[in-house]
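Same order as they appear, the protein sequences are chains A and B.
Read left to right, the first sequence gives residues 1 to 211 (our numbering).
Read left to right, the second sequence gives residues 212 to 422 (our numbering).
2 protein chains.
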Amino acid sequence: MASSRAYGGVSAEQRRAHRRAALVAAGVEIIGTQGYARLTVGGLCSQAALNERYFYESFASSEEVLLAVFDEVMAELTTAIVAAIAAAPDETRAKARAAIAAAIELLTDDPRKTRIAFVEPLAAPALNSRRADVGRSFVALIVAQAHQFYGPETALRIGSWGDFAAAHLLGGLAETMTAWVRGDLVISREELIERSTELFVLVADHVVGSV
Amino acid sequence: MASSRAYGGVSAEQRRAHRRAALVAAGVEIIGTQGYARLTVGGLCSQAALNERYFYESFASSEEVLLAVFDEVMAELTTAIVAAIAAAPDETRAKARAAIAAAIELLTDDPRKTRIAFVEPLAAPALNSRRADVGRSFVALIVAQAHQFYGPETALRIGSWGDFAAAHLLGGLAETMTAWVRGDLVISREELIERSTELFVLVADHVVGSV
DNA sequence: TGGATCTGGCAAGACGTCCTGCCACAATTG
DNA sequence: CAATTGTGGCAGGACGTCTTGCCAGATCCA
Numbered sequence: 001m002a003s004s005r006a007y008g009g010v011s012a013e014q015r016r017a018h019r020r021a022a023l024v025a026a027g028v029e030i031i032g033t034q035g036y037a038r039l040t041v042g043g044l045c046s047q048a049a050l051n052e053r054y055f056y057e058s059f060a061s062s063e064e065v066l067l068a069v070f071d072e073v074m075a076e077l078t079t080a081i082v083a084a085i086a087a088a089p090d091e092t093r094a095k096a097r098a099a100i101a102a103a104i105e106l107l108t109d110d111p112r113k114t115r116i117a118f119v120e121p122l123a124a125p126a127l128n129s130r131r132a133d134v135g136r137s138f139v140a141l142i143v144a145q146a147h148q149f150y151g152p153e154t155a156l157r158i159g160s161w162g163d164f165a166a167a168h169l170l171g172g173l174a175e176t177m178t179a180w181v182r183g184d185l186v187i188s189r190e191e192l193i194e195r196s197t198e199l200f201v202l203v204a205d206h207v208v209g210s211v
Numbered sequence: 212m213a214s215s216r217a218y219g220g221v222s223a224e225q226r227r228a229h230r231r232a233a234l235v236a237a238g239v240e241i242i243g244t245q246g247y248a249r250l251t252v253g254g255l256c257s258q259a260a261l262n263e264r265y266f267y268e269s270f271a272s273s274e275e276v277l278l279a280v281f282d283e284v285m286a287e288l289t290t291a292i293v294a295a296i297a298a299a300p301d302e303t304r305a306k307a308r309a310a311i312a313a314a315i316e317l318l319t320d321d322p323r324k325t326r327i328a329f330v331e332p333l334a335a336p337a338l339n340s341r342r343a344d345v346g347r348s349f350v351a352l353i354v355a356q357a358h359q360f361y362g363p364e365t366a367l368r369i370g371s372w373g374d375f376a377a378a379h380l381l382g383g384l385a386e387t388m389t390a391w392v393r394g395d396l397v398i399s400r401e402e403l404i405e406r407s408t409e410l411f412v413l414v415a416d417h418v419v420g421s422v
């Protein structure tokens, strides 16, 4: 059983990983367009052009697929945001705008990802903890920025006001982005980015200023 | 078949309505605590202490139950908000605070309603249109307030900025409220109301002032 | 009191999904 | 070439839910 053999020039582990990636990609398609409720083992494997048997090679339940799909999108998002912040000029509004633009561009370029990031995880109990983690990362990012521009003592003193404001901003971004993707918010994407940045800076300045 | 007879002093239509109400109440319990995904015909009827046969008397599918449950909570919410606004003193911040306090108190007194209002409908395609309606009502309420305090021409000129800000505030309220109910936001309810009001007024003033 | 109506309980077929097991064929190694 | 290993396809039992139908008992009206 332990004898693994190369096939088509790729090792057994590489083939495994490849199949898993195909399943995750199929999951992005199904969950991102039809929703987690319509995800079935058969549908996923047929979308991935893979045998049903291989589902159980990589996952024990369809919920694990949801986790993997969510993590996949979050990893892309984090990478994009971190890179954008690093590349932006050293100024509060510029950093904020770069981060928001990166997020909006990534998620609206592929509406499936908007749904995966903001819509589907809400109803899944297993993703609430991850959502909380993402929220905390978001807070940490803001605090790090505040640290840089306002000094460490300010960032620390923000406290629960900061937690509250971060959650509020996150919810606002999520709602406006999903509404925009749905077509319920008829503005250009540039306007979406610009206004999101404006409210972000407005709220952040208000919080820092009121401590 | 058309012959209806009184039973226990109540007419056939009253009995029908009573059974429907029991089913909706059971739906609030199940959807509000376990989620729509776990709603089944059998579970609903057993929760309502009603025979399965009566499910089909009032609903054709479990999705209709979700709609009815959502509408039920939204009706309560609208009533509470409208009453609170009417009773509040004639001043922008007071009106806003009253509306926000009414919403937060109603929804956090019964966490099931928070979930029904903000969490479950997201994943249900059938509720997206209703969500949009609620959003528009929310916008209309704000515009009506703006109309009262800033005059009609200002309210009209807010335009898409207003739509955007309303969606942003709605998302912020939803996110902070659900986080608070989950226990991820450790502040008092008074603080939750106060800070929500503060950001609301901040954003609203900013939008009106920047037109 | 008798006949009509309402109610709760249950059963059974239909349906979709899950998960495992089996088999034939393809590809690789020695 | 032969033996081994990987792969695709499919079938079928288990399971849960849906939906309709039937029946016995309770309730009401004449």
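Using N, Cα and C, we set each Cβ at its ideal position, and we do this for glycine too.
8 Å Cβ cutoff, residue i in contact with chain B
{"i": "R182(A)", "result": "yes"}
{"i": "R218(A)", "result": "This structure cannot speak to residue 218(A), because chain A is shown only from 1 to 211."}
{"i": "I187(A)", "result": "yes"}
{"i": "A68(A)", "result": "no"}
{"i": "A179(A)", "result": "yes"}
{"i": "H18(A)", "result": "no"}
Cutoff 8 Å: residue i Cβ touching any chain A Cβ
{"i": "A213(B)", "result": "Because the pLDDT of A213(B) is 39, which lies under 50, any placement of that residue in the model is unreliable, and the question is left without a value."}
{"i": "E435(B)", "result": "Absent from the structure is residue 435(B), since the part of chain B shown begins at 212 and ends at 422."}
{"i": "D374(B)", "result": "yes"}
{"i": "V414(B)", "result": "yes"}
{"i": "G243(B)", "result": "no"}
{"i": "A328(B)", "result": "no"}
{"i": "S371(B)", "result": "yes"}
{"i": "L410(B)", "result": "yes"}
{"i": "A334(B)", "result": "yes"}
Residue i vs residue j beta-carbon contact at 8 Å
{"i": "A126(A)", "j": "V201(A)", "result": "no"}
{"i": "L234(B)", "j": "S269(B)", "result": "yes"}
{"i": "T303(B)", "j": "F360(B)", "result": "yes"}
{"i": "R136(A)", "j": "F70(A)", "result": "no"}
{"i": "G171(A)", "j": "E386(B)", "result": "yes"}
{"i": "G246(B)", "j": "V276(B)", "result": "no"}
{"i": "A117(A)", "j": "L107(A)", "result": "yes"}
{"i": "R393(B)", "j": "I315(B)", "result": "no"}
{"i": "V203(A)", "j": "L169(A)", "result": "yes"}
Rounded Cβ spacing between residue i and residue j (contact assumed at less than 8 Å)
{"i": "A335(B)", "j": "V119(A)", "result": "A335(B) to V119(A), Cβ: 10 Å. No contact."}
{"i": "A299(B)", "j": "A305(B)", "result": "5 Å"}
{"i": "T114(A)", "j": "T178(A)", "result": "6 Å"}
{"i": "L255(B)", "j": "I241(B)", "result": "6 Å"}
{"i": "I296(B)", "j": "F164(A)", "result": "That belief does not hold up - the Cβ atoms of I296(B) and F164(A) are roughly 24 Å apart, past 8 Å."}
{"i": "A37(A)", "j": "A279(B)", "result": "A37(A) to A279(B), Cβ: 19 Å. No contact."}
{"i": "L185(A)", "j": "A378(B)", "result": "6 Å"}
Straight-line Cα distance separating residue j from residue i
{"i": "A75(A)", "j": "T197(A)", "result": "22 Å"}
{"i": "G253(B)", "j": "R216(B)", "result": "28 Å"}
{"i": "Q145(A)", "j": "A83(A)", "result": "14 Å"}
{"i": "R226(B)", "j": "T251(B)", "result": "23 Å"}
{"i": "D320(B)", "j": "W391(B)", "result": "12 Å"}
{"i": "G219(B)", "j": "G32(A)", "result": "52 Å"}
{"i": "V134(A)", "j": "S11(A)", "result": "35 Å"}
{"i": "Q258(B)", "j": "A236(B)", "result": "9 Å"}
{"i": "A228(B)", "j": "V284(B)", "result": "18 Å"}
{"i": "A370(B)", "j": "E194(A)", "result": "The sequence given here has Gly at residue 370(B), not Ala. Approximately 16 Å between the Cα atoms of the pair."}
{"i": "E13(A)", "j": "A21(A)", "result": "12 Å"}
{"i": "H156(B)", "j": "A132(A)", "result": "Beyond the ends of chain B as shown, which are 212 and 422, falls residue 156(B); an answer cannot be given."}
{"i": "L199(A)", "j": "R323(B)", "result": "31 Å"}
{"i": "A291(B)", "j": "D301(B)", "result": "18 Å"}
{"i": "G420(B)", "j": "A271(B)", "result": "50 Å"}
{"i": "L403(B)", "j": "E191(A)", "result": "30 Å"}
{"i": "N128(A)", "j": "R230(B)", "result": "35 Å"}
{"i": "R53(A)", "j": "P121(A)", "result": "26 Å"}
**Contact list for the stretch 293-321 of chain B against chain A, Cβ threshold 9 Å** = Going along the stretch 293-321 of chain B in chain order, one finds no residue with a Cβ nearer than 9 Å to chain A.
**Prompt:** Got a sec: which bits of the stretch 164-175 of chain A sit with their beta carbon under 9 Å from any beta carbon on chain B, in order along the chain?
**Reply:** Answer in chain order: F164, A165, A167, H168, L169, L170, G171, G172, L173, A174 and E175.
**Prompt:** Listed from N- to C-terminal order along the chain, which residues in the stretch 24-52 of chain A have their beta-carbon within a distance smaller than 8 Å of any beta-carbon of chain B?
**Reply:** Answer set for the stretch 24-52 of chain A: G35, Y36 and A37.
**Where the stretch 130-141 of chain A meets chain B: residues whose CB sits under 8 Å from a CB there** = From the stretch 130-141 of chain A, only A132 and G135 have a Cβ closer than 8 Å to chain B.
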